[in-house]
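*Asks:* Counted the way the working numbering counts, the first sequence spans residues 8 to 279. Using N, Cα and C, we set each Cβ at its ideal position, and we do this for glycine too. First, the structure itself, so that you have it in front of you.
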Amino acid sequence: MPELPEVETTRRGIAAGLVGQRVAGLAVREPRLRWPIDPELGRILRGQPILGVERRAKYLLLEFPHGTVLFHLGMSGSLRLVDPPPPAPRPHDHVDLELANGTCLRYHDPRRFGCLLWIEGDAGAHPLLRHLGPEPLEAGFDGAHLYRASRVRRSSVKQLIMDGQVVVGVGNIYASEALFLARVDPRRRANRVSLARYGALADAVREVLGLAIAQGGTTLRDYVNGRGVPGYFAQQLSVYGRAGAPCPACGAPIRQLRIAQRSTFFCAHCQR
DNA sequence: ACTGGATCCTGACTGC
DNA sequence: TGCAGTCAGGATCCAG
8 MPELPEVETT RRGIAAGLVG QRVAGLAVRE PRLRWPIDPE LGRILRGQPI LGVERRAKYL
68 LLEFPHGTVL FHLGMSGSLR LVDPPPPAPR PHDHVDLELA NGTCLRYHDP RRFGCLLWIE
128 GDAGAHPLLR HLGPEPLEAG FDGAHLYRAS RVRRSSVKQL IMDGQVVVGV GNIYASEALF
188 LARVDPRRRA NRVSLARYGA LADAVREVLG LAIAQGGTTL RDYVNGRGVP GYFAQQLSVY
248 GRAGAPCPAC GAPIRQLRIA QRSTFFCAHC QR
């Protein structure tokens, strides 16, 4: 699934084609996502102009005069712009947001862990967005912030940086990658990492996310950006998915284990 | 208040 | 080839 770089790549791919356009209709072929799609959504959006396409954490936000459409891509979702005439929908193409100029925004999600919600009024006050931590690529996220958040934590440092209330957008791939870059053992208890090492970790999170965005995201199986093009960051992953392969820094075999049910990859020699 | 675990769902892959 | 079992990029909810 899309982590922050994939969502941001999607946003950049679709924004120019959406902003300023009016909604002509909404075709919902499968409303059963994480939460059911509001049956009134088509009526609510019809004729309304899209004012902006923003991202908060892994949520994509389509801004309208009176509210916001919130997309989450879950584990297997993707959004792409389709030029007219739209080709016949493939399996799992659950929703088309049709624009007045004939283009449509097509939502595809085999596992249906994603969602499509209408938020009336101020989106920032919505329960899904209200308690989110800082954006990792913006001011407000640094080593001091991680250090403060970690003092009361007994769980692992990997779980800390994947907690959306601490910092948003760091998913399972980039958590392993950032910990490798910062040479921090993912199993280490969060409250036993020093301020200096949290500084290195915050830098590593920013670096790995920034690089991944520049590469168009990571495509493992099915991620494509807003124009149907895969990302290229997978070629630069240092540890994720590379169990048994040599560590790019020291050559020791990369180890894999599970932390909180999620596969975790690291070099036991480099990371302490 | 934290933490770990189960859970939603489909598809790809592995091993017998 | 078929089938069962495992695993997957997320994050909410619930029990302890």
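Leaving out the 5 sequence neighbours to the left and right, which residues in its chain are closer than 6 Å to Glu-105 when beta-carbon positions are compared?
*Replies:* Your numbering for residue 105 matches position 98 in the first sequence. Sequence-distant partners of Glu-105 (beyond 5 residues in either direction) whose C-beta falls short of 6 Å from its own C-beta, in its chain, are Ala-31, Gly-32 and Cys-111.
*Asks:* Give the DSSP-derived three-state secondary structure of Leu-139 in the structure shown.
*Replies:* Position 132 of the first sequence, counted from the start, is the residue given in the question as residue 139. Of the three classes helix, strand and coil, the one that applies to Leu-139 here is coil, per DSSP.
*Asks:* Using 7 Å as the threshold, is the C-beta distance between Glu-127 and Gly-74 below it?
*Replies:* Locating residue 127 in the first sequence gives position 120, counting from the first residue. Locating residue 74 in the first sequence gives position 67, counting from the first residue. It is a contact, given that the beta carbons lie within the stated cut-off.
*Asks:* Determine which residues share a DSSP beta bridge with Phe-187 and list them.
*Replies:* The sequence position of residue 187 within the first sequence is 180, counting from 1. According to DSSP, which records beta bridges pairwise, Phe-187 is partnered with nothing at all.
*Asks:* Per DSSP, Trp-42 forms a beta bridge with which residues?
*Replies:* In the first sequence, the residue the question calls residue 42 occupies position 35. Per DSSP, none; premise fails for Trp-42.
*Asks:* So, for Gly-171: in the same chain, excluding its five sequence neighbours on each side, which residues have a beta-carbon less than 7 Å away from its beta-carbon?
*Replies:* The residue labelled residue 171 in the question sits at position 164 within the first sequence. So the list reads Ala-64, Leu-139 and Gly-140, once near-sequence residues are dropped.
*Asks:* My assumption, with CB atoms under 8 Å, is that Leu-136 sits in contact with Trp-42. Please give the rounded CB distance.
*Replies:* For the purposes of this step, residue 136 is identified with residue 129 of the first sequence, where counting begins at 1. For the purposes of this step, residue 42 is identified with residue 35 of the first sequence, where counting begins at 1. Rounded, the Cβ-Cβ distance is 15 Å, inconsistent with contact.
*Asks:* So does the stretch 166–184 actually touch the stretch 113–122, counting three or more Cβ pairs closer than 8 Å?
*Replies:* The stretch 166–184, when compared against the stretch 113–122, does not touch it at the 8 Å Cβ threshold.
*Asks:* Does Val-14 come out as helix, strand or coil in the three-state DSSP assignment?
*Replies:* Working through the first sequence from its first residue, we reach residue 14 at position 7. Here Val-14 sits in helix by DSSP.
*Asks:* Pull up the distance between the alpha-carbon of Ala-130 and that of Ala-209, whole angstroms please.
*Replies:* Counting from 1 along the first sequence, the entry for residue 130 is found at position 123. Counting from 1 along the first sequence, the entry for residue 209 is found at position 202. C-alpha separation (whole angstroms): 27 Å.
*Asks:* Going by C-alpha distance, which of Arg-196, Cys-274, Gly-248 and Gln-242 is nearest Cys-257?
*Replies:* Mapped onto the first sequence, residue 257 falls at position 250. Put simply, of Arg-196, Cys-274, Gly-248 and Gln-242 the residue whose alpha carbon is nearest the alpha carbon of Cys-257 is Cys-274.
*Asks:* Taking Ser-285 as the reference, give the member of Val-215, Gly-223, Ser-183 and Leu-188 with the closest Cα.
*Replies:* What is shown of the chain runs 8 to 279, which leaves residue 285 out entirely.
*Asks:* Helix, strand or coil: which one does DSSP assign to Tyr-230?
*Replies:* As a working mapping, residue 230 is identified with position 223 in the first sequence. In this structure, Tyr-230 counts as coil in the three-state DSSP scheme.
*Asks:* Does Gln-278 pass the burial test, meaning 16 or more other C-beta atoms within 10 Å, or should it be called exposed?
*Replies:* Locating residue 278 in the first sequence gives position 271, counting from the first residue. So Gln-278 ends up on the buried side.
*Asks:* CA-CA distance, Leu-218 and Ser-245?
*Replies:* As a first step, residue 218 is located in the first sequence; it is residue number 211 there, counting from the start. As a first step, residue 245 is located in the first sequence; it is residue number 238 there, counting from the start. Straight through space, the alpha carbons of Ser-245 and Leu-218 are spaced by roughly 13 Å.
*Asks:* On a Cα-Cα basis, can you pick out the residue from Pro-253, Pro-260, Gly-178 and Leu-69 that is closest to Ile-21?
*Replies:* What you label residue 21 is simply residue 14 of the first sequence in a count that begins at 1. Residue Leu-69 is the option with its Cα nearest to Ile-21.
*Asks:* Tell me, please, which residues DSSP counts as bridged to Pro-253.
*Replies:* Numbered from its first residue, the first sequence carries residue 253 at position 246. Bridge partners of Pro-253: Pro-260.
*Asks:* Tell me whether Pro-98 is buried or exposed, calling it buried when 16 or more other Cβ atoms sit within 10 Å of its Cβ.
*Replies:* Residue mapping note: residue 98 aligns to position 91 of the first sequence, counting from 1. It counts as exposed.
*Asks:* Taking buried to mean at least 16 other C-beta atoms within 10 Å of its own C-beta, is Asp-90 buried or exposed?
*Replies:* Start at 1 with the first residue of the first sequence, and residue 90 comes out as number 83. Its Cβ having fewer than 16 others within 10 Å, Asp-90 is exposed.
*Asks:* Within this structure, are the beta carbons of Val-164 and Val-200 separated by less than 7 Å?
*Replies:* By 1-based counting over the first sequence, the position of residue 164 is 157. By 1-based counting over the first sequence, the position of residue 200 is 193. Yes, the Cβ-Cβ distance between Val-164 and Val-200 is below 7 Å.
*Asks:* Considering only residues of the stretch 139–222, which uninterrupted alpha helix (DSSP H) runs meet the minimum length of 4 residues and lie entirely inside it, listed in chain order?
*Replies:* 150–157, 164–168, 179–189 and 202–221
*Asks:* Helix or strand or just coil, what does DSSP make of Ala-31?
*Replies:* Here the question's residue 31 lines up with position 24 in the first sequence. DSSP places Ala-31 in strand when its eight states are reduced to three.
*Asks:* Leaving out the 5 sequence neighbours to the left and right, which residues in its chain are closer than 8 Å to Ser-259 when beta-carbon positions are compared?
*Replies:* The residue given as residue 259 occupies position 252 in the first sequence. Going by the sequence as given, residue 259 is Ala instead of Ser. Excluding sequence neighbours, Ala-259 sits near Pro-253, Cys-274, Ala-275, His-276 and Cys-277.
*Asks:* Look at the alpha carbon of Arg-87 and the alpha carbon of Glu-15, and state the distance between them as a whole number of angstroms.
*Replies:* One-based indexing of the first sequence puts residue 87 at position 80. One-based indexing of the first sequence puts residue 15 at position 8. Approximately 13 Å, taken between the alpha carbons.
*Asks:* Shortest alpha-carbon distance to Leu-216 belongs to which of Phe-240, Ala-23, Val-76 and Ile-44?
*Replies:* Sequence index remark: in the first sequence, residue 216 carries index 209 (1-based). Distance check between Leu-216 and each of Phe-240, Ala-23, Val-76 and Ile-44 places Phe-240 closest, using alpha-carbon atoms only.
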